[in-house]
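**Student:**
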DNA sequence: GAAGTATTTCGATACTTATAGAAATAGTCT
DNA sequence: AGACTATTTCTATAAGTATCGAAATACTTC
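Residue numbers (our numbering), protein chains in the order written: chain A, 4 to 195; chain B, 4 to 195.
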């Protein structure tokens, strides 16, 4: 199993399957092996066209061929499909995927103590250092360069704790977010 | 969750992701929400191009937008990705997916009795009617219009039972396959 | 080796679409 | 209301590619 797939491989994979006849070929080969001639008849296209599609499918590692008498029999490389599906599932994980990985042991421990498994804040620590860990835990939910209404800020914060008003004030007090004087707009402060 | 996806939807899904910049957009949005402007800057393309891509991504149900002050914030619809991944995993099941569905209750019962969960034949039934169910169970592993060598026939049959010689003879005797006089080639007999 | 078969390669064409820029639109701020 | 901003729509262009038919290739059979 490959260590990590290059983006270009992924693009190729999708591009290959993003063509009606190729997808139909994959659907057919998922049931049994076919010869190129049979595929052409099933799809209503010429032999050279089928050949072209099979070449692209093979280049993406989706089909393999074996020779049998006059014919070549093509069959689906089911591993390629399921591998890709797993890659997709990994990508589609909940939220904050990248921050989670870069956390120090200390941060991870603090979060384990003060948040539930789904990321909500149970209680607020007394020590400032631990407190900042929680605020940085929240921060990725806000984008840089965007001005948020107070209503929207509360909406987002409510995912972490019901006391949105205090959370909101703390984010400003500790310098993670800024508040506009008049209009009541908030935005994330660019780090360094 | 949708009942069943149309093929055209699947094609659209893959086509949408089979474009480098769109895949990069999905990658970015998987981490946090972006504005269209930020995406354009990150990809190095114009605003109208980003708009075009976002439209296609939205049409495929992959991204959603919410308005925030001047900006529109786009975020990934993670459900769409994981749903699709599950569909893919379902497709990538072992072998014989379609025949399994069209089986009568009787056939299903016979197979449950005489085959293991992975499709191998445990023992051979005495009654001819049940015996034919097993042979038809094997048959999809052979393609129409292809002449197989005896060696290859045995290879395929060995997936079902070790006694490949008897299986092979039975397939011929019951009229499911034919054997060439001299050369020792076998082929599947067209039904009807 | 000669004849026969399936498949691939080549050349040409038609269709799709990614992209940029300009103009139009929709929404927000003062 | 008027100024301002981000986004979308429109138009045109360039690049990619699905498709076919013909010729070339590879392999099997006798």
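Note that CB positions come from ideal geometry on N, CA and C, so glycine has one too.
Computed from a prediction, not measured in an experiment: that's the story for all the values here.
1) Is the CB-CB distance between residue 85(B) and residue 92(A) below 8 angstroms?
2) Among residues of its own chain, excluding the 5 on either side of residue 141(A), which ones have a beta-carbon nearer than 6 angstroms to its beta-carbon?
3) Alpha carbon to alpha carbon, what distance is there between residue 69(B) and residue 31(A)?
4) State buried or exposed for residue 41(A), treating a residue as buried only when at least 16 other CB atoms are found within 10 Å of its CB.
5) Would DSSP call residue 182(A) helix, strand or coil?
6) By alpha-carbon positions, which one of 183(B), 113(B), 156(B) ends up nearest to residue 143(B)?
7) What is the DSSP secondary structure of residue 190(A), reduced to helix, strand or coil?
8) Across the stretch 104–119 of chain A and the stretch 23–39 of chain B, are there enough close Cβ pairs to call them in contact, namely three or more that are closer than 8 angstroms?
9) How long is the line joining the alpha carbons of residue 100(B) and residue 190(A), rounded to whole angstroms?
10) So, does the CB of residue 37(B) fall closer than 8 angstroms to a CB anywhere in chain A?
11) Residues in its own chain within less than 7 angstroms of residue 138(A) by CB, not counting five upstream and five downstream?
12) Can you give me the Cβ contacts of residue 16(A) inside the same chain, cut-off strictly under 7 angstroms, excluding the 5 residues immediately before and after it?
13) Do you know how far the Cα of residue 151(B) is from the Cα of residue 204(B)?
14) Need the endpoints of the alpha helix (DSSP H) that residue 68(B) sits in, please.
15) State the DSSP-derived secondary structure class of residue 35(A), mapped to helix, strand or coil.
16) Compute the Euclidean distance between the alpha carbons of residue 160(A) and residue 171(A), then round it to the nearest angstrom.
17) In chain order, what residues of the stretch 61–76 of chain A put their CB closer than 8 angstroms to some CB of chain B?
18) Examine chain B for any beta-carbon lying closer than 8 angstroms to the beta-carbon of residue 47(A), and answer yes or no.
19) For a contact defined as C-beta to C-beta under 9 angstroms, what are the partners of residue 148(A) on chain B?
20) Going by DSSP, what residues sit across from residue 147(B) in a beta bridge?
21) Looking at residue 74(B) and residue 149(A), is the spacing between their C-beta atoms short of 8 angstroms?
22) Reducing DSSP to helix, strand and coil, say where residue 163(B) ends up.
23) So which of 80(B), 55(B), 72(B), 53(B) has the shortest CA-CA distance to residue 65(B)?
24) Count the other CB atoms, across all protein chains shown, that sit within 10 Å of the CB of residue 18(A); report buried if there are 16 or more and exposed otherwise.
25) Per DSSP, what are the beta-bridge partners of residue 77(A) in this structure?
26) In the structure shown, what three-state DSSP assignment does residue 116(A) receive?
27) For residue 100(B), would you say it is in contact with chain A, using Cβ-to-Cβ distances shorter than 8 angstroms as the test?
28) Using a Cβ-Cβ distance under 8 angstroms, would residue 88(A) count as near chain B?
29) Please report whether the beta-carbon of residue 103(A) lies at a distance below 8 angstroms from any beta-carbon of chain B.
30) Using a cut-off of 9 angstroms between C-beta atoms, extract the partners of residue 188(A) located in chain B.
31) Determine the closest residue to residue 47(B) out of 61(B), 28(B), 60(B), 82(B), with distance taken between C-alpha atoms.
32) May I have the straight-line CA-CA distance separating residue 97(A) from residue 124(A), to the nearest angstrom?
33) Measure the alpha-carbon distance for residue 113(A) versus residue 121(A) and round it to whole angstroms.
34) Nearest-angstrom Cα distance between residue 168(B) and residue 12(A)?
35) Cutting at 8 angstroms between CB atoms, please list the residues of its own chain near residue 45(B), excluding the five before and the five after it.
36) Tell me, please, whether the CB atom of residue 134(A) is closer than 8 angstroms to any CB atom in chain B?
**Tutor:** By the coordinates alone:
1) yes
2) 163
3) For residue 31(A) and residue 69(B), the distance between alpha carbons rounds to 41 angstroms.
4) buried
5) strand
6) 156(B)
7) Here residue 190(A) sits in strand by DSSP.
8) no
9) Low per-residue confidence applies at residue 100(B): pLDDT is 40, beneath 50, and the placement is therefore not dependable enough to give any value.
10) yes
11) If the five residues before and after residue 138(A) are omitted, its C-beta is found closer than 7 angstroms to the C-beta atoms of 173, 174, 177, 179, all from its own chain and listed in chain order.
12) 63, 87
13) Outside the modelled stretch of chain B, which goes from 4 to 195, sits residue 204(B), for which no answer is possible.
14) No alpha helix (DSSP H) holds residue 68(B); the beta strand (DSSP E) holding it covers 66–71.
15) Of the three classes helix, strand and coil, the one that applies to residue 35(A) here is coil, per DSSP.
16) Distance from the CA atom of residue 160(A) to the CA atom of residue 171(A), rounded to whole angstroms, is 8 angstroms.
17) 71, 72, 73, 74, 76
18) no
19) 38, 40, 41, 74
20) 191(B)
21) yes
22) coil
23) 80(B)
24) Its Cβ being crowded by 16 or more others within 10 Å, residue 18(A) is buried.
25) 37(A), 68(A)
26) Residue 116(A) falls in the helix class under three-state DSSP.
27) Only weak support is given to the placement of residue 100(B): the predicted model assigns it a pLDDT of 40, under 50, and the question is left unresolved by the model.
28) yes
29) The predicted position of residue 103(A) is uncertain, since its pLDDT is 45 and thus under 50; a value taken from the coordinates is nonetheless stated next. Chain B contact via Cβ: absent.
30) Neighbours of residue 188(A) on chain B, chain order: 72.
31) Among 61(B), 28(B), 60(B), 82(B), the Cα nearest to that of residue 47(B) belongs to 28(B).
32) Caution applies to residue 97(A), whose pLDDT of 46 falls short of 50 and renders its modelled position unreliable; the model cannot decide the point.
33) 15 angstroms
34) One C-alpha to the other measures close to 44 angstroms.
35) 27, 31, 37
36) no
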